[in-house]
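Each residue of the sequence shown is one higher than the one before, counting from 170 in our numbering. For every residue, glycine included, the Cβ atom is placed at its ideal position computed from N, Cα and C. Owing to the predicted nature of the structure, the values given are computational and were not obtained by experimental measurement.
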Amino acid sequence: MDVAAEGKAIAKVNDLVIFVPYVVPGDVVDLQIKRKKNKYAEAEAVKFHELSPNRAVPFCQHYGVCGGCKWQVLPYPEQIRYKQKQVEDNLRRIGKIELPEISPILGSAKTEWYRNKLEFTFSNKRWLTNEEVRQDVKYDQMNAVGFHIPGAFDKVLAIEKCWLQDDISNRIRNAIRDYAYEHDYSFINLRTQEGMLRNMIVRTSSTGELMVIVICRITEEHEMALFKQLLQFVADSFPEITSLLYIINNKCNDTINDLDVHVFKGKDHIFEEMEGLRFKVGPKSFYQTNSEQAYNLYKIARDFAGLTGNELVYDLYTGTGTIANFVSRQARQVIGIEYVPEAIEDAKVNAEINDIKNTL
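Quick look at the structure:
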């Protein structure tokens, strides 16, 4: 067996390649084919006869259901090994590229609580797990806030605890959920586009600042008053929030790039810091989601570039201009290219904040 993309294990029966999620090489399992093509099939494990010694116990209670963190069942060093093998295989076997010796992946120091941004979705259609269906669990409350179920755009798994972001994210999400339950707020029906609460985004930063964006659908005047009561509850309950924002989205999709952002409390941005540089991050700006690993990535990229101070560097999809600023002191000039107007403005501000004269 091997491991393919998205953490799916690979089994072979004669010449048929079978992709199986949530198992690892060395597991002995019975498989049920779910989908079959000419050269491959997708299956799920229906019975485990023997567990691989090379297996980790998933630490998240939502593992195997929410669709994220599929590699949790493998120890982190093994995850890195298989991911590197995939890259090499894709380049050598599929791309027919002759490669020099490849440096090993530099793993993340943190495998929990490492993200600086998460987005949650509200829905009036709570996803029931297979176990809940078998036990015929009945919920008085079928609204949920959490993550979309893969393949079911209108169903959301109710998340109690996610290990990706600082636990403040869990506390804020669950507090908003409980307040909405208690005060009978409506959650969006993604099929009919009815309901008030749509999404929420939480951004943390290395500077200790905290941004929360609550996105709603408002069609009547009294709904705005109710929504602001919710925001006031959030502001009162979490004084550590430095940027509490909201967006009114009455469209049929969840994109916010074309919508106005309103400040309810605090600033309209937060700051990140890296190697003495400060970066303004707005609600629509892109910033690498693992701040500490982004620093390692940027250092390696800068070292590989071997800049001498005479180069003109183009930073494509520059976002808030982090890489542009990061390499500017080793280049003659850096030009960042970006299509999100708000990110461009943040990038300009960041160049001014860091007194970078050669970045455009």
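C-alpha distance - residue i paired with residue j, whole-angstrom precision
{"i": "Arg-386", "j": "Leu-379", "result": "24 Å"}
{"i": "Phe-306", "j": "Asn-183", "result": "It is Val, not Phe, that sits at residue 306 in the sequence shown. Distance between the alpha carbons of Val-306 and Asn-183 is about 42 Å."}
{"i": "Tyr-542", "j": "Asp-484", "result": "Within the shown structure, residues of the chain are numbered from 170 to 529, placing residue 542 beyond reach of any answer."}
{"i": "Leu-446", "j": "Pro-227", "result": "37 Å"}
{"i": "Gln-201", "j": "Lys-436", "result": "53 Å"}
{"i": "Gln-499", "j": "Thr-477", "result": "6 Å"}
{"i": "Arg-250", "j": "Pro-244", "result": "10 Å"}
{"i": "Pro-510", "j": "Lys-517", "result": "11 Å"}
{"i": "Asp-524", "j": "Gly-505", "result": "16 Å"}
{"i": "Glu-444", "j": "Gln-462", "result": "13 Å"}
{"i": "Trp-240", "j": "Ile-382", "result": "29 Å"}
{"i": "Cys-421", "j": "Asp-427", "result": "13 Å"}
{"i": "Ile-341", "j": "Ile-179", "result": "39 Å"}
{"i": "Ala-321", "j": "Asn-527", "result": "47 Å"}
{"i": "Lys-205", "j": "Leu-359", "result": "31 Å"}
{"i": "Glu-301", "j": "Leu-333", "result": "25 Å"}
{"i": "Glu-521", "j": "Gln-502", "result": "15 Å"}
{"i": "Lys-265", "j": "Asp-258", "result": "9 Å"}
{"i": "Pro-269", "j": "Ser-355", "result": "57 Å"}
{"i": "Asp-405", "j": "Lys-397", "result": "12 Å"}
{"i": "Gln-310", "j": "Asn-465", "result": "44 Å"}
{"i": "Gln-471", "j": "Gln-304", "result": "One detail in the question is off: residue 471 reads as Arg in this sequence, not Gln. Approximately 55 Å, taken between the alpha carbons."}
{"i": "Lys-324", "j": "Val-482", "result": "44 Å"}
{"i": "Gly-377", "j": "Ser-412", "result": "12 Å"}
{"i": "Leu-326", "j": "Glu-442", "result": "34 Å"}
{"i": "Leu-530", "j": "Glu-267", "result": "Nothing about residue 530 can be read from this structure; the chain reaches only from 170 to 529."}
{"i": "Pro-194", "j": "Lys-203", "result": "20 Å"}
{"i": "Ser-497", "j": "Glu-392", "result": "48 Å"}
{"i": "Leu-529", "j": "Glu-480", "result": "14 Å"}
{"i": "Thr-361", "j": "Ile-271", "result": "51 Å"}
Beta-carbon proximity check, residue i vs residue j, cutoff 8 Å
{"i": "Ile-345", "j": "Leu-287", "result": "no"}
{"i": "Ile-410", "j": "Asn-418", "result": "no"}
{"i": "Cys-238", "j": "Phe-316", "result": "no"}
{"i": "Thr-489", "j": "Phe-448", "result": "yes"}
{"i": "Ser-374", "j": "Val-450", "result": "yes"}
{"i": "Ser-277", "j": "Asn-519", "result": "no"}
{"i": "Tyr-456", "j": "Phe-495", "result": "no"}
{"i": "Asn-224", "j": "Val-198", "result": "Residue 224 is actually Arg in this sequence, not Asn. In this structure, Val-198 does not lie closer than 8 Å to Arg-224 by Cβ."}
{"i": "Lys-453", "j": "Ala-394", "result": "no"}
{"i": "Lys-252", "j": "Ile-274", "result": "yes"}
{"i": "Asn-343", "j": "Asn-312", "result": "no"}
{"i": "Ile-328", "j": "Trp-296", "result": "no"}
{"i": "Phe-402", "j": "Tyr-348", "result": "yes"}
{"i": "Phe-291", "j": "Ile-357", "result": "yes"}
{"i": "Arg-367", "j": "Asp-429", "result": "no"}
For residue i, the three-state DSSP class (helix, strand or coil)
{"i": "Ala-500", "result": "coil"}
{"i": "His-431", "result": "strand"}
{"i": "Gln-457", "result": "coil"}
{"i": "Val-226", "result": "coil"}
{"i": "Thr-491", "result": "helix"}
{"i": "Ala-386", "result": "The question names Ala, yet the displayed sequence has Arg at residue 386. Looking at Arg-386 - three-state DSSP - the assignment turns out to be coil, as it is neither helix nor strand."}
{"i": "Gln-201", "result": "strand"}
{"i": "Met-393", "result": "helix"}
{"i": "Glu-444", "result": "coil"}
{"i": "Asn-339", "result": "helix"}
{"i": "Tyr-245", "result": "helix"}
{"i": "Lys-239", "result": "helix"}
{"i": "Tyr-467", "result": "helix"}
{"i": "Phe-322", "result": "strand"}
{"i": "Asn-358", "result": "strand"}
{"i": "Val-517", "result": "The identity of residue 517 in the sequence shown is Lys, whereas the question assumes Val. Three-state result, Lys-517: helix."}
{"i": "Lys-449", "result": "strand"}
{"i": "Asp-171", "result": "strand"}
In DSSP terms, what residue i is bridged to
{"i": "Met-365", "result": "DSSP, once it has assigned bridges, lists no residue as partnering Met-365."}
{"i": "Val-189", "result": "Ala-178"}
{"i": "Leu-297", "result": "According to DSSP, Leu-297 bridges with nothing at all."}
{"i": "Lys-286", "result": "Arg-372"}
{"i": "Leu-413", "result": "Val-381, Lys-434"}
{"i": "Glu-211", "result": "Phe-188, Arg-204"}
{"i": "Glu-219", "result": "Val-197"}
{"i": "Gly-315", "result": "Thr-290, Ala-327"}
{"i": "Asp-484", "result": "Gly-505"}
{"i": "Gln-334", "result": "Arg-284"}
{"i": "Thr-528", "result": "Val-503"}
Cβ-Cβ separation, residue j to residue i (assumed contact under 8 Å), whole Å
{"i": "Ser-338", "j": "Val-371", "result": "5 Å"}
{"i": "Ile-384", "j": "Met-369", "result": "7 Å"}
{"i": "Val-186", "j": "Lys-208", "result": "7 Å"}
{"i": "Glu-175", "j": "Asp-196", "result": "Contact flag wrong, Cβ pair sits at about 17 Å."}
{"i": "Val-192", "j": "Ala-173", "result": "With a Cβ gap of about 12 Å, Val-192 and Ala-173 do not count as contacting."}
{"i": "Glu-507", "j": "Thr-491", "result": "11 Å between Cβ atoms; not a contact."}
{"i": "Lys-330", "j": "Gln-230", "result": "7 Å"}
{"i": "Trp-282", "j": "Asp-353", "result": "Wrong, their Cβ atoms sit about 33 Å apart, outside the cutoff."}
Chain D within 8 Å of residue i, Cβ atoms only
{"i": "Pro-408", "result": "In the structure shown, chain D cannot be found, because there is only a single protein chain."}
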